[in-house]
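Q: Those letters in the sequence shown? Residues 696 to 827, by the numbering used here.
C-beta: ideal position from N, C-alpha, C; glycine also.
Since this is a predicted model, take the numbers as computed values, not measurements.
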Amino acid sequence: MACRITELVIDCADPQRLGDFWCEVLGYVELGWEDGALEIGPPGVGFGGPQPTLVFSPGDEPKRGKLPLHLDVNPTDRDQDSELARLLAAGARPADVGQTGAESWHVLADPEGNEFCLLRRRVEAVGAPGNP
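Right, dumping it as structure tokens:
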């Protein structure tokens with residue numbers, strides 16, 4: 696028997712702001728609030744589906760340096776350049792973590808400065824034909 700990731704918990708200053716941003720990025724919806732934390736996830740599936748939900752938990756400790764874990768995202772319905780423009784318009788900003796400029800991905804930061812990468816390779820959306 697094995698485990699699987701069901702949710703990722705992210706400490707943040709403003710759960711609503713980050714929840715709104717990541718809903719826009721991932722096509723997720725707000726699932727609910729518990730003890731001041733906001734959970735978002737895939738529409739029509741929610742917790743326990745094939746994709747993990749994200750939980751934004753309120754905290755007041757400032758981010759200190761590069762995160763030991765970050766998210767990678769892949770465009771599902773457009774090329775990388777178009778997705779980069781969409782993410783920047785949604786509130787992401789370029790982040791410098793020491794990349795050389797020769798990478799095939801873009802390093803970005805969400806509205807609270809958490810780094811994530813936009814990869815070049817396209818994957819199909821979950822639920823697309825041939826992708827459960």
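My guess is that valine 802 and valine 818 are in contact by the Cβ rule of under 8 Å, so how many angstroms apart are they, rounded?
A: With 8 Å as the limit, valine 802 and valine 818 do not qualify as a contact, their Cβ atoms being about 19 Å apart.
Q: Please report how far the alpha carbon of cysteine 707 lies from the alpha carbon of aspartate 774, in whole angstroms.
A: If you take the alpha carbons of cysteine 707 and aspartate 774, they lie about 30 Å apart.
Q: Residues bridged to glycine 736 by DSSP?
A: For glycine 736, which the question treats as bridged, DSSP gives the partners Val724.
Q: Using 8 Å for Cβ pairs, my map puts phenylalanine 716 next to aspartate 805. What's the rounded Cβ distance?
A: Right, their Cβ atoms sit about 6 Å apart.
Q: So what's aspartate 706 in DSSP terms, helix, strand or just coil?
A: Strand, per DSSP.
Q: Suppose you measure from the CA of alanine 820 to the CA of valine 768; what does that come to, to the nearest Å?
A: So the alpha carbons of these two residues sit roughly 11 Å apart.
Q: Based on Cα-Cα distance, which residue from Cys812, Val720, Pro747 lies nearest to proline 789?
A: Checked all of Cys812, Val720, Pro747; the closest Cα to proline 789 is Cys812.
Q: Could you tell me which residues DSSP puts in a beta bridge with phenylalanine 811?
A: Answer by DSSP bridge pairing, in chain order: Leu766, Leu803.
Q: With a Cβ-Cβ cutoff of 9 Å, do leucine 713 and leucine 733 count as a contact?
A: Cβ atoms of leucine 713 and leucine 733: closer than 9 Å.
Q: By the three-class DSSP mapping on this structure, what secondary structure does glutamate 819 have?
A: Correct three-state label for glutamate 819: coil.
Q: Which residues in the same chain have their Cβ closer than 6 Å to the Cβ of valine 704, if we skip the five residues on either side of it in sequence?
A: Here the set comprises Val750, Ser752.
Q: What residue range is occupied by the uninterrupted alpha helix (DSSP H) comprising alanine 797?
A: Counting along the chain, alanine 797 falls outside any alpha helix (DSSP H), and DSSP gives it neither H nor E.
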